Amino acid sequence: MRWSPPALTVLATLALTAPPAHAAVAFEELPPPPHVAAAVVSALNEAGQAAGSGWTPPTSGPLPGRLEAVRWDGTTPAILGTGHGSGINERGDVVFSFVTKEGGAQVHYARAWENGRVVDRTPPQRGTGRMTIRDISDAGVIPVGYNNVNDPEFYDNDRAGAWRQGAFADLPLSPQGARSYHQAANHRGSTAGSLAPKDGAAAFAFRCSATGCARLPVAGDGGSYSVAAINESDSVAATWSVGSTSRAVVWTADRPAVLPGDVAGVADNARAINEDGDVVGWHLDEGVREAALWRDGALVDLGTSGESEAVAVNDRGEVVGWHTVDGQPRPFHWRAGVLIGLPTPDDLPAKPAALNNAGVVVGNTLYRDTSRAFRWTLP
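In mature numbering (1 follows the signal peptide of the UniProt record, and there is no 0), the protein residues as written are -23 to -1, 1 to 356.
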C-alpha cells in the first residue's frame, strides 16, 4: 500500500508482544524526494538526521537510472547531488559518491555536502575502478582507498588517503598496497583501514590521525583484513580472512584479540564497535550464519532465528540486525537479553542500516527499484 503524507509525518505507535520496556516502537517512513521512485537509507547521526539516496530505475533499454544523494531532516528529503549518501556527521555533513563509465572503464567520483554546499572529494590522482569510501568525521575527515592513475599496473585500490581540512593526501604508509581498504573514521577524525603491500609482505591493518599512521600488530599468520569500524577510543574492529575462512578481530590499545567463532566476520558498519568495545557481526553455527555480539570477549546469544546478522551496536549496548522469520529477513532490536521485531508496513521484509545512541534505527526493504526507507524509535 502507499501511505498518505500525514501517515508519513505522524509517528505510528505499534504495539508488540514484549516486556513493558519494549512495549511499543515509534515508526515512520522516510519518503523519497518528489518524482523519485525509491528510497534507500544508509547512515544516521545523533540528531536523527539520515543519509542515503533516492533511486529511479531506467525506463527502457540500456539507459541508466537516476541516483540522487539524499539527507532526511525528520521525514523531509533533500537532494544533495548525484550519488548515494554513505555517511553523515554530527554537523549534518554528508559524504556521497557515484560510479559511471568512461571509455569503457568504471570511474568513481566522491562528493560531500558541507556547510550547505557540494564540494568535490575525489582524489586528484584517482584512476579507474571503485573506491572504498563511507564515513565522514565531524571535522570533515574522509578516508578513501583508491586506484592511483600513476600506477597503471594495478586496477585494484592501490593507495590509501584521506581528506583533512579540505586537502587530500596519501597516507604515509610505505610501501603502498596492491590492495588498500580505507573507509572507517570516528568522530574525532582518526581513520582505520588495511593494506596488502606491493612487495608481497604480510597484509596489515592500520590506524591514522592527523599527525601520522601506525601499523597494527597482525592477528596471526597470513591472510588479509577488512577494517569495519573505529570507535572514539581508537579501538578497531575488522574481519581477518585466511584462505576460505574468516575471523572477527578487535584491536584495543593496539593489542589484537581474535574473537570467538571459528568462522565469523564483523558487520560493515560505522557502528560495528561501541565505546565499551562491544563488536557485532555474524558467526557460523552448524553451517548457519547467525547474528553475533561479542561483549567482554565472549560471544553472546541474541536469540535470533535462522540466518541472521547483527548490524550495529550503540553505546547503551543495544543491538540491531536482521534474522529470518517465515523465510524472510526481518529487522530486530536487542537490549539486555530481550529481542523484539521492528514493525514494517504490511509486514514487509527489511533490514536495518544504522543505529544511534538515542535508540533511533533506520533501515530499508530489500529491492533497490522499489526500496522503502524507515525510521524506528525505541522507548
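Where is the CB? At the ideal position from N, CA and C, for every residue including glycine. All values derive from a computational prediction rather than experimental measurement.
Cβ-Cβ separation, residue j to residue i (assumed contact under 8 Å), whole Å
i           : j    : result
A206        : R248 : 7 Å
residue 387 : S19  : Absent from the model: residue 387. The displayed extent of the chain is -23 to 356, so no value can be given.
N333        : E23  : 5 Å
L7          : F351 : 6 Å
L270        : D255 : 6 Å
V204        : G166 : About 16 Å; that fails the 8 Å criterion.
Y123        : P100 : 5 Å
D346        : P34  : 5 Å
N246        : A289 : 5 Å
E91         : H164 : No, E91 and H164 are not in contact; Cβ-Cβ is about 15 Å, not under 8 Å.
G285        : G298 : According to the sequence as given, residue 285 is Ser; it is not Gly. With a Cβ gap of about 6 Å, S285 and G298 count as contacting.
Local Cβ density within 10 Å of residue i, reported as buried at 16 or more and exposed below that
i      : result
V71    : buried
A(-3)  : Model confidence at A(-3) stands at a pLDDT of 38, short of 50, so the residue's coordinates are unreliable; what they give is reported in the following sentence. Looking at its Cβ environment, which holds fewer than 16 other Cβ atoms inside 10 Å, A(-3) is exposed.
G340   : buried
A287   : buried
P152   : exposed
R232   : exposed
A331   : buried
E5     : buried
P216   : The sequence given here has Thr at residue 216, not Pro. By the 10 Å Cβ count, T216 comes out buried.
Y158   : buried
P(-19) : With a pLDDT of 33 at P(-19), under the threshold of 50, the predicted position of this residue should be treated as unreliable, and no value is reported.
T222   : exposed
T168   : buried
R192   : exposed
Extent of the continuous beta strand (DSSP E) to which residue i belongs
i           : result
D97         : R94 to D97
P329        : K328 to L332
G31         : A27 to T33
T77         : V71 to E79
V195        : Where V195 is concerned, there is no enclosing beta strand (DSSP E), given that its DSSP letter is neither H nor E.
V204        : S201 to I207
D50         : R43 to D50
residue 417 : One cannot answer for residue 417 here, as it falls past the ends of the chain, which runs -23 to 356.
Q102        : Neither: Q102 is in no beta strand (DSSP E) and is coded neither H nor E.
T53         : T53 to T59
Residue i: CB within 7 Å of a non-hydrogen atom of the ligand PLP
i   : result
A82 : Among the ligands in the structure shown, none appear at all, so the ligand PLP cannot be discussed.
May I have a chain-ordered list of the beta strand (DSSP E) segments no shorter than 3 residues that lie completely inside the stretch 114 to 185? Counting whole runs of 3 or more residues, the stretch 114 to 185 contains the beta strand (DSSP E) stretches 119 to 123, 136 to 141, 144 to 147, 154 to 162, 168 to 174 and 181 to 185.
Which full runs of the beta strand (DSSP E) of 3+ residues lie inside the stretch 306 to 351, going along the chain? Runs found: 315 to 318, 328 to 332 and 337 to 341.
How do the stretch 307 to 322 and the stretch 231 to 246 stand: do at least 3 beta-carbon pairs fall below 8 Å, yes or no? Counting Cβ pairs under 8 Å, fewer than three are found: no touch.
Given 8 Å as the limit, is there contact between the stretch 102 to 109 and the stretch 43 to 60, that is, 3 or more CB pairs closer than that? Between the stretch 102 to 109 and the stretch 43 to 60 there are fewer than three inter-stretch CB-CB distances shorter than 8 Å, so the stretches are not counted as touching.
What are the uninterrupted segments assigned as beta strand (DSSP E) that are 3 or more residues long and contained completely in the stretch 212 to 299, given in chain order? Runs of the beta strand (DSSP E) inside the stretch 212 to 299: 213 to 219, 222 to 229, 232 to 235, 241 to 243, 256 to 262, 265 to 272, 275 to 277 and 285 to 290.
Three-pair Cβ contact test at 8 Å for the stretch 78 to 88 versus the stretch 172 to 180: Taking one beta carbon from each stretch, the stretch 78 to 88 and the stretch 172 to 180 have fewer than 3 pairs nearer than 8 Å; the two do not touch.
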